[in-house]
Each structure stands twice: as structure tokens, then as C-alpha cells.
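Taking the numbering used here, the leading residue of the sequence shown gets 1, the next gets one more, and so forth.
Heads up, the beta-carbon is just placed ideally off N, CA and C, and yes, glycines get one too.
Keep in mind the model is a prediction, meaning the values are calculated, not measured.
Written out below as C-alpha cells is the structure these notes cover.
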Amino acid sequence: MSEQVAKRFIEALGMLEAGRDLEGIVELFAADAEVGNVVSPEKFSGREGAREFWGAKYRDTFGEVRSTFRNVFAAGGRAALEWTTEGTADDGAPVKYDGVSILEIEGGEIKRFCAYFDAGSLGRQLTDRARAQGR
């Protein structure tokens with residue numbers, strides 16, 4: 001079941017990135033899910049939290065965005081996804097970063113999601129461009 005949920009997550013993320021289909025990814029999360037990443041100390045709770053995280057905190061921070069997955073490991077109610085995300089910032093500048101997401105799965109739903117990536121590298125890509133543009 002973990003492998004099926006991981007595959008559905010990857011498909012839903014692709015639809016969010018390409019077409020801003022937020023509901024497809026939100027419906028994968030449990031009503032009491034915890035969603036977060038290494039950048040934000042704030043954890044987002046439940047489906048509404050998943051909606052905020054994947055909409056305002058993820059998709060809305062990019063102009064264009066696409067994730068590709070190198071490795072997917074799933075077993076025993078857990079999945080680890082190794083990925084590269086490429087796209088553009090709001091101002092059209094290119095952005096690229098790598099990371100790993102951990103999914104904890106119960107009853108066919110994502111109970112906990114956390115993404116780990118080099119926040120410093122991503123932050124530098126965004127702030128260096130802003131400085132160069134005089135922002």
C-alpha cells in the first residue's frame with residue numbers, strides 16, 4: 001500500500017505543479033495529518049493544513065515548477081522519495097534544488113509528510129537574484 005500511495009503522491013504533485021490542481025494532492029492526506037519541511041518551523045495540520053502548505057507555501061512561491069523523482073523506496077507504512085525540483089521564481093529566474101521527502105502512511109492516507117533539502121542553497125538562489133535586481 002505504501003508504494004501505491006507514493007505513486008499517487010507523485011502523480012498528484014505533478015498535477016499541482018503543471019496545472020495548479022491543489023485538491024488532487026490534498027485528498028491524499030489524512031484528516032489529522034502533519035505536513036512540513038525543514039525551512040518552516042511551523043507544521044500544518046489536517047487537510048486544511050495540507051491545502052495551505054501545498055498551495056501558499058509551495059506552489060505559489062514558483063512561476064513554473066516541475067519535480068522529477070530519482071528514487072522511491074516504500075515499505076511498511078513509510079515512503080522515501082528522492083527528487084530534484086526545477087522551475088522559476090516569481091520573477092522568472094531559474095531555481096533548482098534537490099531533496100528527500102518522507103511520507104508516513106496509515107490506512108492508505110498520508111499521516112505525516114516532511115521534506116528535507118538544502119534550504120540555504122534555495123534561499124541563496126532567491127536572495128542573490130533579488131539583490132542583483134535591487135530588491
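- By the beta-carbon neighbour count (other beta carbons within 10 angstroms, threshold 16), residue 68 is exposed.
- Going by beta carbons, residue 35 and residue 112 fall inside the 9 Å limit.
- When beta bridges are read from the DSSP output, residue 49 appears opposite no residue.
- For residue 36, the enclosing beta strand (DSSP E) stretches over residues 29-37.
- The count of Cβ pairs closer than 8 Å, one atom from the stretch 39-53 and one from the stretch 69-79, stays below three, leaving the stretches out of contact.
- Distance check between residue 107 and each of 29, 18, 14 places 29 closest, using alpha-carbon atoms only.
- Taking a 10 Å sphere around the C-beta of residue 25, we find 16 or more other C-beta atoms and assign the residue as buried.
- If you look at residue 8, you'll find it in the alpha helix (DSSP H) that goes 2-19.
- Looking only at 7, 83, 44, 59, the smallest Cα-Cα distance to residue 89 is reached by 59.
- Per the coordinates, the alpha-carbon of residue 20 lies some 23 Å from the alpha-carbon of residue 119.
- Residue range 62-75 is occupied by the beta strand (DSSP E) that includes residue 64.
- According to the DSSP assignment, residue 23 belongs to the alpha helix (DSSP H) that extends over 22-26.
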